[in-house]
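See below for the structure under consideration.
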Amino acid sequence: MTPGTQGRQGTRGTQGEGASAPTLWDRTRQLAAQEILRTALRLFSEQGYEATTIAQIAREAGVSQRTLFRYFGTKEDLVGGSQDEFVALMAETIREQPADADVWEALRAALKAALSLHTSPEDALERFRLVHRTDSLRAAYLGKRVRCQEELLPLLEARLKTSETAHVRARAIAATAFACFDAATTTWVETDGQGDILDLYDQCLAAVRG
Numbered sequence: 000m001t002p003g004t005q006g007r008q009g010t011r012g013t014q015g016e017g018a019s020a021p022t023l024w025d026r027t028r029q030l031a032a033q034e035i036l037r038t039a040l041r042l043f044s045e046q047g048y049e050a051t052t053i054a055q056i057a058r059e060a061g062v063s064q065r066t067l068f069r070y071f072g073t074k075e076d077l078v079g080g081s082q083d084e085f086v087a088l089m090a091e092t093i094r095e096q097p098a099d100a101d102v103w104e105a106l107r108a109a110l111k112a113a114l115s116l117h118t119s120p121e122d123a124l125e126r127f128r129l130v131h132r133t134d135s136l137r138a139a140y141l142g143k144r145v146r147c148q149e150e151l152l153p154l155l156e157a158r159l160k161t162s163e164t165a166h167v168r169a170r171a172i173a174a175t176a177f178a179c180f181d182a183a184t185t186t187w188v189e190t191d192g193q194g195d196i197l198d199l200y201d202q203c204l205a206a207v208r209g
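Letter 191 of the sequence shown, counting from 1, is numbered 190 in numbering that gives the first Met the number 0, and no numbers are missing.
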C-alpha cells in the first residue's frame, strides 16, 4: 500500500519476548536485501525507474538476477514492497488496537506501522518521490491501495459494532483515510520531506471531517 521494503526480518517485533534472535543466515539475507535496495534506489534516482534494468541493478549490487528475484518478486517490488506484507502488517496492527479504539484510531495506527517499514525518512522520501513521479509505479500503487482497502474492510466493520450500514460506512472511512494519506504524502514530497507524514495526515483528515 505504501512504499516499503522486503527482507525485513528483525526490523519489527522480532526481538520481543519469546522471539528468537536472528541467525547469521537471517542477518546475511537482510544485509543482501538492503544492499540490493540501496543500489536500486540509487540507480532509479540517477537515471530513472524505466531506464534502469534488473540486470544493471543485480550487476552493481554484486548478485545474480536469480538471487535478486529471491528477495524481490518484481522490479516494482524494489520500490513498492510486497502487497501481502503490507496488508498483513496493517491487519495485524488493527487487530492489536484496544477494543475501545475507534476505527479512525485503528487505521491511523495501521498507517503508522506501514510507514515504520522504511529504514529512514530519507528512504521514505526517495520511494514516495519515485511513486509520485513515475506513471507505472503510481498505477501499481493505486491498485495496491484499492486491494488493501478491500482486505481490511472486515476488520473495520467489526469496529463499527452491529449496524445495517457498517459495510458502507467502513468502505467510506477506508477510502477517506487512504485518500488523506495520499494527500499527506503528496504534500510531503512537494515540500521535500518537510514535517511529519502522520501530522500531515491528521491535518488532511481534520479538513475532511470538519
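From the three backbone atoms N, C-alpha and C, an ideal C-beta is built for every residue, glycine too.
What whole-angstrom Cβ distance do residue i and residue j have, given they're in contact under 8 Å?
i    : j    : result
L42  : I53  : That belief does not hold up - the Cβ atoms of L42 and I53 are roughly 11 Å apart, past 8 Å.
Y70  : A105 : Between A105 and Y70 the Cβ distance is about 31 Å, and since that is not below 8 Å, they are no contact.
Q148 : A173 : 4 Å
Grab the span of the alpha helix (DSSP H) containing residue i for me, first residue to last.
i    : result
R146 : D134 to A157
D198 : I196 to R208
V78  : D76 to G79
F85  : Q82 to E95
A50  : First-last for A50: undefined, no H or E at that position.
D181 : A165 to E189
T66  : Q64 to Y70
So, for residue i: in the same chain, excluding its five sequence neighbours on each side, which residues have a beta-carbon less than 8 Å away from its beta-carbon?
i    : result
L136 : Y48, E75, V78, G79, L129 and V130
L154 : A90, I93, R94 and A105
Considering only residues of the same chain and omitting the five flanking positions on each side of residue i, which have a CB-CB separation below 7 Å?
i    : result
Y140 : G79 and V130
L199 : A183, T186 and W187
I196 : L114, A183, T184 and W187
A39  : I56 and L77
A109 : M89, T92 and I93
field: Contact between the region 174-186 and the region 87-94 (3+ Cβ pairs under 8 Å)
entry: no
query: Quick one: any contact between the region 159-167 and the region 69-77, if contact means 3 or more CB pairs under 8 Å?
result: No, they do not touch.
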